[in-house]
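Enquirer:
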Amino acid sequence: MKIAMVGSGYVGLVSGACFADFGHEVVCIDKDQSKIDRLRDGVMPIYEPGLAALVENNTAAGRLSFTTDLAEGVAGAQAIFIAVGTPSRRGDGHADLSFVHAVAREVGENLAGDAVVVTKSTVPVGTGDEVERIIAETGCAHRVSVVSNPEFLREGAAIGDFKRPDRIVIGAEDDFGREVMREVYRPLFLNESPILFVSRRSAELIKYAANAFLATKITFINEMADLCEKVGANVQDISRGIGMDNRIGSKFLHAGPGYGGSCFPKDTLALLKTAEDYDSPVRIVEAVVKTNDSRKRAMGRKVIEALGGLDAARGKKVALLGLTFKPNTDDMRDSPAIAIGQALADAGVEVAGYDPEGMEQAAPLMPNVRMCASAYDAIEGADAVAIVTEWDAFRALDFARVKALANAPVLVDLRNIYKPDDMRAAGFTYISVGRG
Ligand code: UDX
Numbered sequence: 007m008k009i010a011m012v013g014s015g016y017v018g019l020v021s022g023a024c025f026a027d028f029g030h031e032v033v034c035i036d037k038d039q040s041k042i043d044r045l046r047d048g049v050m051p052i053y054e055p056g057l058a059a060l061v062e063n064n065t066a067a068g069r070l071s072f073t074t075d076l077a078e079g080v081a082g083a084q085a086i087f088i089a090v091g092t093p094s095r096r097g098d099g100h101a102d103l104s105f106v107h108a109v110a111r112e113v114g115e116n117l118a119g120d121a122v123v124v125t126k127s128t129v130p131v132g133t134g135d136e137v138e139r140i141i142a143e144t145g146c147a148h149r150v151s152v153v154s155n156p157e158f159l160r161e162g163a164a165i166g167d168f169k170r171p172d173r174i175v176i177g178a179e180d181d182f183g184r185e186v187m188r189e190v191y192r193p194l195f196l197n198e199s200p201i202l203f204v205s206r207r208s209a210e211l212i213k214y215a216a217n218a219f220l221a222t223k224i225t226f227i228n229e230m231a232d233l234c235e236k237v238g239a240n241v242q243d244i245s246r247g248i249g250m251d252n253r254i255g256s257k258f259l260h261a262g263p264g265y266g267g268s269c270f271p272k273d274t275l276a277l278l279k280t281a282e283d284y285d286s287p288v289r290i291v292e293a294v295v296k297t298n299d300s301r302k303r304a305m306g307r308k309v310i311e312a313l314g315g316l317d318a319a320r321g322k323k324v325a326l327l328g329l330t331f332k333p334n335t336d337d338m339r340d341s342p343a344i345a346i347g348q349a350l351a352d353a354g355v356e357v358a359g360y361d362p363e364g365m366e367q368a369a370p371l372m373p374n375v376r377m378c379a380s381a382y383d384a385i386e387g388a389d390a391v392a393i394v395t396e397w398d399a400f401r402a403l404d405f406a407r408v409k410a411l412a413n414a415p416v417l418v419d420l421r422n423i424y425k426p427d428d429m430r431a432a433g434f435t436y437i438s439v440g441r442g
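Okay, structure coming up:
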């Protein structure tokens, strides 16, 4: 089967490469000429473990190609995926659908045969109807079925998530759409990955509901962590204790500095906008968004407390380890480290930062932070070391070296990656999240 993937960003590129790996012929399309040139040379625009090899193998096998020419890319394709960005619209938080609409129009104008047009981008309820309308408006004479097929992959684990999904959600309104999608995902059906056929609107809402629920779970445990600190309980025990109940589940119960990334912040906001438009408030998500926003700066204050409070903190130095919103990515979008760095700089603290992959992306977003070549460079002369992102590289720090380099042995572990007893035994003043 020939598949066209319009948009070669995170989701488009990973999905395109994985579909090619299933044996389909895939053309990834993007307007950005330099991105397409680099992809043809095997240079990935994003950091994602395993992606470069997957692209290389499938390009060499002749199953995966790249172009800026949409007409050429969609010619003969039975499934055309729209995987362009849907950023938060400046000012109002609605998902900006201008890219999706533009692609729908261009696809309608260039279709050379019957096809299924699939939105993979995260789009608000009703977008499929709009895509259908736009394609009809172009006067396209072919049979077109518009399908919603949201993507649930996580950055850093994207290929595994794509190939071994918990479920595949397909929102289709007719048999043509369902049949083509069955063919697209045939290798996963053979693997017995659960597949859920629902209406297009339900599929669109499932994506937002899933992300909002996960964001709620994280925010819930973060507030439990705050309560644990007050009452002298351990949030990791709370997570285990509630997570063993199958109805709750153990995942996404790690307390930390608040969620960030390209999806949760944007999708929770967009869901609230939809709720507002339909006059059907989702108050729990309103609370989640507010709570998570304020938590990031609050984590900055936690570090300031560790320095002895506002007055004592002025002029002191902090090493921030881990700047990306989570490990195994170079993505800085809505990363808690940005707000934490800003809160520290506002308090007159000198901040030195290091990240294994995100330095280039972090530098322009954190102008008040001095970027260092290694964790130990950042730690040199620090009055406190703060771990913001749980990269493996920070899980086994050489504490003798940290003590020798730092000005004071103070560790603020915002991801709870160390054991309090071990750290105290190593002679550190150790502050973590929700552990007394
Ligand atoms: C998320 C969803 O998991 C994925 O299904 C969707 O397609 C896109 O959004 P992603 O943003 O890549 O994926 O990262 P994820 O691993 O879900 O983490 C999101 C944020 O939550 C990170 O900032 C992470 O540090 C934080 N988090 C996650 C916690 O603080 N605690 C947890 O227990 C889990």
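Residue numbering for the sequence shown follows our numbering, starting at 7 and increasing by one per position. Ideal Cβ placement from N, Cα and C applies to all residues, glycine included.
Would you report the Cα separation of P156 and L60, rounded to the nearest angstrom?
Expert: C-alpha separation (whole angstroms): 22 Å.
Enquirer: Between N64, E112 and P171, which lies nearest to L159 when the distance is taken from Cα to Cα?
Expert: The candidate whose alpha carbon is nearest that of L159 is P171.
Enquirer: What are the partner residues of D419, as DSSP defines its beta bridges?
Expert: For D419, which the question treats as bridged, DSSP gives the partners I393.
Enquirer: Would you say the region 244-259 touches the region 283-303, given that touching needs at least three Cβ pairs under 8 Å?
Expert: With a cut-off of 8 Å, the region 283-303 and the region 244-259 do not count as touching, because too few Cβ pairs lie within range.
Enquirer: Please identify the residue among K236, I310 and E62 whose C-alpha is closest to the C-alpha of A318.
Expert: The residue with the shortest Cα to Cα distance from A318 is I310.
Enquirer: Would you report the Cα separation of K272 and A410, rounded to the nearest angstrom?
Expert: The straight-line gap from Cα to Cα measures roughly 42 Å.
Enquirer: With H, G and I counted as helix, E and B as strand and the rest as coil, what does DSSP make of K8?
Expert: Here K8 sits in strand by DSSP.
Enquirer: Relative to the ligand UDX, is the shortest distance from any of its heavy atoms to the C-beta of H148 smaller than 7 Å?
Expert: Checking every heavy atom of the ligand UDX against the Cβ of H148, none is found closer than 7 Å.
Enquirer: Could you compute how far the alpha carbon of F72 sits from the alpha carbon of C34?
Expert: Roughly 5 Å separates the two Cα atoms.
Enquirer: Kindly examine the ligand UDX and report whether one of its heavy atoms sits closer than 7 Å to the Cβ of F258.
Expert: The answer is yes for F258.
Enquirer: Quick check: E54 and E161, are their CB atoms within less than 8 Å of each other?
Expert: For E54 and E161, yes; Cβs fall inside 8 Å.
Enquirer: Note down the Cα distance separating V106 from E189, rounded to an integer number of angstroms.
Expert: Near 24 Å, if we compare the C-alpha coordinates of E189 and V106.
Enquirer: Identify which residue in T297, D352 and F331 has its Cα closest to the Cα of L316.
Expert: Looking at the Cα atoms, D352 is the closest of the given residues.
Enquirer: Tell me the DSSP secondary structure of G183 in three-state form.
Expert: If DSSP states are grouped into helix, strand and coil, G183 belongs with the helices.
Enquirer: Pick out the complete alpha helix (DSSP H) segments inside the region 327-405, 4 residues or longer, and give them in chain order.
Expert: For the region 327-405, whole alpha helix (DSSP H) runs of length 4 or above, ordered along the chain, are 342-352, 365-371 and 381-385.
Enquirer: Pull up the DSSP beta-bridge partners for V122, would you.
Expert: Paired residue(s): A85 and S151.
Enquirer: When burial is assigned at 16 or more other CB atoms within 10 Å of the CB, is E198 buried or exposed?
Expert: By the neighbour-count rule (16 or more Cβ atoms within 10 Å), E198 is not buried but exposed.
Enquirer: For the ligand UDX, any of its heavy atoms closer than 7 Å to the Cβ of E161?
Expert: Checking the Cβ of E161 against the ligand UDX gives yes.
Enquirer: Given V12, which residues of its chain have a CB within under 6 Å of its CB, disregarding the five upstream and five downstream residues?
Expert: Taken in chain order, the residues that qualify are I35, I88 and V109.
Enquirer: Do you know offhand how far G114's Cα is from G145's?
Expert: Cα-Cα distance, rounded: 8 Å.
Enquirer: If you draw a straight line from the alpha carbon of K213 to that of P287, how long is it in whole angstroms?
Expert: Near 18 Å, if we compare the C-alpha coordinates of P287 and K213.
Enquirer: Return the chain-ordered ranges of every alpha helix (DSSP H) run that is complete within the region 284-331 and spans a minimum of 4 residues.
Expert: Qualifying alpha helix (DSSP H) stretches, in chain order: 289-312 and 316-319.
Enquirer: Give the straight-line distance between the Cα atoms of H30 and A66, rounded to the nearest whole angstrom.
Expert: Between H30 and A66, the C-alpha separation is close to 14 Å.
Enquirer: With a threshold of 16 other CB atoms inside 10 Å of the CB of N252, please say whether the residue is buried or exposed.
Expert: Classification of N252: exposed, given that the 10 Å Cβ count is below 16.
Enquirer: Taking Cβ to Cβ, would you say V5 is nearer than 8 Å to L202?
Expert: The question about residue 5 has no answer, for the chain in this structure spans 7 to 442.
Enquirer: Taking V80 as the reference, which of P373, A276 and N116 has the closest Cα?
Expert: For the residues P373, A276 and N116, the minimum Cα distance to V80 belongs to N116.
Enquirer: Can you tell me which of the three DSSP states L103 falls into?
Expert: If DSSP states are grouped into helix, strand and coil, L103 belongs with coil.
Enquirer: Return the CA-CA distance between D181 and V124, expressed in angstroms with no decimal places.
Expert: Going by the C-alpha atoms only, they are around 14 Å apart.
Enquirer: Assuming L327 and V394 form a contact by the criterion Cβ under 8 Å, report the distance between their Cβ atoms to the nearest whole angstrom.
Expert: About 7 Å separates the two Cβ atoms, so the contact holds.
Enquirer: Compare the Cα-Cα distances from V237 to each of G442, F25 and Y16 and report the closest residue.
Expert: Taking only the C-alpha atoms, the option nearest V237 is G442.
Enquirer: If you draw a straight line from the C-alpha of R149 to the C-alpha of A209, how long is it?
Expert: Cα to Cα, R149 sits roughly 22 Å from A209.
Enquirer: Can you give the Cα-Cα distance for A388 and F434, rounded to whole angstroms?
Expert: Approximately 13 Å between the Cα atoms of the pair.
Enquirer: What residues in its chain sit with their C-beta under 6 Å from that of S154, if we drop five residues either side in the sequence?
Expert: Cβ neighbours of S154 beyond the five flanking positions: T125, G134, G177, R206, A209 and E210.
Enquirer: Do you know how far the Cα of G22 is from the Cα of S151?
Expert: Using only the alpha carbons, I get a separation of about 20 Å.
Enquirer: Would you say M305 and P362 are within 8 Å of each other, going by their C-beta atoms?
Expert: The answer is no: Cβ separation not under 8 Å.
Enquirer: Let me know the secondary structure DSSP gives Y191 once reduced to three states.
Expert: DSSP places Y191 in coil when its eight states are reduced to three.
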